[in-house]
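Protein chains in written order, with full-length UniProt numbering: chain A, 1 to 307; chain B, 1 to 708.
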């Protein structure tokens, strides 16, 4: 009975959601929908809204009169939204952007510069007294990563390990030991946790973004001075603005232009700052396109070989 | 404890009771205030608690609604009903939360915390739903039982639903009541505790009061009452006060002891005063007052038993002379010796019940009450006369004093004490009249004699002023040539009703009563004034005038001054004034008499000794007493012819007087034979009826002029 009721409730819930977000589904052409994968829609909403409010009035001549925000709890769902045209524009890290592109055919519109940083890379580090000198030394050892949604602290390091011919294997906890031919990894949830686990010797190595590596709050200096970097990856774009496939080219181009101009528009500074500390947008150059392509391949490989 | 009156204790008890009442009143007021305060505290606390609970429930409801609205935003956004349910249940489980309802933007129920969520998708129908479901911000609604806090659930500016948190007001009220109840109970407990303390202290206070009252009663009231009772006892005359000996060291103890000492002192003083009142200070004998009381008692007893009483009234003869001549100390010494002698005599012969008293001055009274009273009295009187007649030695001098005693008997002579004493006095006086140094029984006749005498005394007082007294002059002749050389001044009293009173009677009265001291100087002065007017006779010398001076005047000691004054005032030559003193006046203290006579001589007057030969002194006295002349008593002159002894004595007196260079005057010459005899024996001067009767002043002048 309860199963039946749950089913019934699930149906009703779907119906409710359909009703709640209904107007976005068969998105009228005058509405620009900004999407975001979020586990905290409430706070992210406030980060997205100002830029949307900045952009929408500047797109009136391409028929956009209203902006909306639609958040999804994961990339799958966001992919779905993008496929179905319910979300027009998503801002994401490069890893997730690559994933969305794979799932929905969404295209990168612009690269996002945040806090003056356009690109970053992943830093592998061990304790200074660790015998680990290279990535290869990590075989049979453990690495602390953030979570599956992370680009710099999951996708890129795992990808890198695979590229170096190693076999990353998820461990149940930091106390687990890795198989001799694998590199065990554990999710530590936050950069500070990663640094702590390494510093306390619970794991052999950690991987964080170069931005986080330099952030004293995430890798405290007292820890950092005991660490030794054993590997830095190739750089990747810091963020990517994606638009869905099938978006009106006029709208797409205008959006691209408005965002590109925004960096130099004083009226946009506040909105940009709220927009995850964005300091500017840039067109996708060949190098970065290459990097994105690499990420795309890497993502596919991780999905295939690791997950 | 004596019944309460208006005494100190009563007042103290009253004051204590008043204080107690005040304290009780204060306690009552305090209790009343406390009850009021408790009520106020309860009321205030109630409102505070109510406010506290109210604010608490409101703020909590609001906080819960805000928290939930915040926490529910993400799950609701993603339709995570499980998460929504968990949050709702968490909150619903909290105390005083009646319900938590999550609804969508249209007000349809999404979750109520239950597993089933029976109302899912339906519009909420409760009375507060309408106000809550459209809330754009916190909406607080209230029904009697529920406080509904409705909060929209927002994603950005998009309202995706709302949450209602219903706070159970009735539960809160119940809690509030319980809190109030607890508070009230506590307050009551506190109040009871306070009441207990207050009552305890009140009891303590009452106890202290009772203790103080008892203490005051013991230490103050009882001793003071004891003292008051003792004081009343003393006031009533009972000095045998028994005061409890107080060993207390405080003021009351001191008071009790001082009171004890005072009562002893009063008793002692009383004894002393009684002693002084009833005792003669000098002799230690019973005094007049005590004697009167004793006499009254004895008389009463004697009347009842039919006994007789005898009373002896003794007066020392001429005692005043001792005081006047020797001084009062000598007088007192003499009195003491007399008292001792009388006392010894009474002890010897007065019987067991005899009572001796000094009546003051030189009067002693003896009461005899047992045996044959009359015989005892007579016997005692005889002893007394004999014993007291013996000479006394005072200050080395021998004194001869007699005593006159009056004897009277009860009930024979008198029926009461006053009369008895008066009779004794009269009898004593009669003894004096009878020549002193003897005793006399009282008789009725005495009464009359005394009365006459008293009457005479009264009449004599003022007789000079009324002119009833006049002077006559007895001429004194020189025997050689029978020429008148002087006169003796004599006094005559012609009373309007009593007639002529003989000098021998009224001079005695004047002497006894002391009137002589008034009359004497007047006579002296009048005689001087008269004599100075007389013409000089053949000898060219004026007549001398001879004035009798009474012993009293002599003892007064002022005689020389008086004489000098009279001579100066009247201008009479001193040589013409002669003073005649009786022999007895100079007997007893020849030294004093000699000194006095010496003083008189210096004024120039001559002093003659009157009635010479009748006294006890004898001729030897003449050597010690410097007189200018002696007058041979008329008894010698009268018997001279018949009695050879008298003639011999007279002859011897004349011879001896001439040997001493003293003039001799013979009195009472009534016959020629007598005159011749005296002339033959060389008597210088003579007077008497044969020579001349007393004459008036006018006749004196005629006789002078006649050249006789």
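Built from N, CA and C at the ideal position, the CB exists for glycine as well. All values reported here derive from a predicted model rather than from experimental measurement.
- Closer than 8 angstroms to the CB of residue 170 (chain A) there is not a single CB belonging to chain B.
- Rounded to the nearest whole angstrom, the CA to CA distance from residue 136 (chain A) to residue 82 (chain A) is 39 angstroms.
- Distance from the CA atom of residue 267 (chain A) to the CA atom of residue 279 (chain A), rounded to whole angstroms, is 13 angstroms.
- Selection B:333, B:308, B:654 and B:491 evaluated against residue 413 (chain B) yields B:308 as nearest (Cα-Cα).
- The Cβ-Cβ distance between residue 169 (chain B) and residue 138 (chain B) does not fall below 8 angstroms.
- Residue 688 (chain B) places its beta carbon less than 8 angstroms from that of residue 669 (chain B).
- A distance below 7 angstroms between beta-carbons, with the five flanking residues on each side excluded, links residue 72 (chain A) to the following residues of its chain, in chain order: 35, 37, 78 and 81.
- The residue among B:103, B:437 and B:128 with its C-alpha nearest the C-alpha of residue 154 (chain B) is B:103.
- From the listed residues B:55, B:51, B:88 and B:77, the smallest Cα separation to residue 67 (chain B) is found for B:88.
- Bounds of the alpha helix (DSSP H) holding residue 517 (chain B) are 516 to 533.
- Of the candidates B:174, B:677 and B:191, B:174 places its Cα closest to the Cα of residue 46 (chain B).
- Distances from the alpha-carbon of residue 331 (chain B) to those of B:647, B:320 and B:366 put B:320 closest.
- Within the same chain, Cβ atoms closer than 7 angstroms to the Cβ of residue 167 (chain A) are found at 181, 182 and 183, the five residues on either side in sequence being excluded.
- At the C-beta level, residue 690 (chain B) and residue 667 (chain B) stay beyond 8 angstroms of one another.
- Taken in chain order, the unbroken stretches of beta strand (DSSP E) that lie wholly in the stretch 347 to 432 of chain B and span 3 residues or more are 355 to 360, 363 to 368, 392 to 394, 397 to 399 and 403 to 410.
- By the rule that beta-carbons nearer than 8 angstroms mark a contact, residue 71 (chain A) touches chain B.
- At a cut-off of 4 residues, the continuous stretches assigned as alpha helix (DSSP H) that sit fully inside the stretch 124 to 174 of chain B are 129 to 133.
- Residue contact check for residue 50 (chain A) against chain B: no CB pair falls below 8 angstroms.
- Between the stretch 432 to 451 of chain B and the stretch 646 to 657 of chain B, the count of Cβ pairs shorter than 8 angstroms is below three; the stretches do not touch.
- By the Cβ-count criterion, residue 147 (chain A) is exposed, with fewer than 16 other Cβ atoms from all chains shown falling within 10 Å of its own Cβ.
- Collapsing the DSSP output to three states places residue 475 (chain B) in a strand.
- Restricting attention to B:398, B:254, B:402 and B:374, the CA atom closest to the CA of residue 384 (chain B) is found in B:402.
- Contact with chain B is absent for residue 81 (chain A), since none of that chain's Cβ atoms lies less than 8 angstroms from the residue's Cβ.
- Taking one beta carbon from each stretch, the stretch 149 to 158 of chain A and the stretch 201 to 210 of chain A have 3 or more pairs nearer than 8 angstroms; the two touch.
- Residues of the stretch 66 to 82 of chain B with a C-beta atom less than 7 angstroms from some C-beta of chain A are 73, 74, 77, 78, 79 and 81, listed in chain order.
- Look at residue 166 (chain A) here: in three-state DSSP terms it is coil, with no helix or strand label.
- Of the candidates B:565, B:512, B:543 and B:567, the residue whose Cα lies closest to the Cα of residue 552 (chain B) is B:512.
- Using a Cβ distance threshold of 8 angstroms, residue 69 (chain A) and residue 251 (chain A) do not count as a contacting pair.
- Here the alpha carbon of residue 247 (chain A) sits roughly 45 angstroms from the alpha carbon of residue 125 (chain B).
- In summary, residue 276 (chain B) is exposed, with fewer than 16 beta-carbon neighbours lying within 10 Å of its beta-carbon over all protein chains present.
- Of A:294, A:173 and A:281, the smallest CA-CA separation from residue 116 (chain A) is found for A:281.
- The C-alpha of residue 133 (chain A) lies about 44 angstroms from the C-alpha of residue 45 (chain A).
- For the pair of segments examined, the stretch 275 to 291 of chain B was found to touch the stretch 351 to 363 of chain B: the number of CB pairs separated by less than 8 angstroms reaches three.
- Less than 8 angstroms divides the Cβ of residue 570 (chain B) from the Cβ of residue 529 (chain B).
- Under the 8 angstroms criterion on CB atoms, residue 42 (chain A) is classed as interfacial with respect to chain B.
- By the Cβ neighbour-count rule, residue 215 (chain B) is exposed, with fewer than 16 other Cβ atoms within 10 Å of its own.
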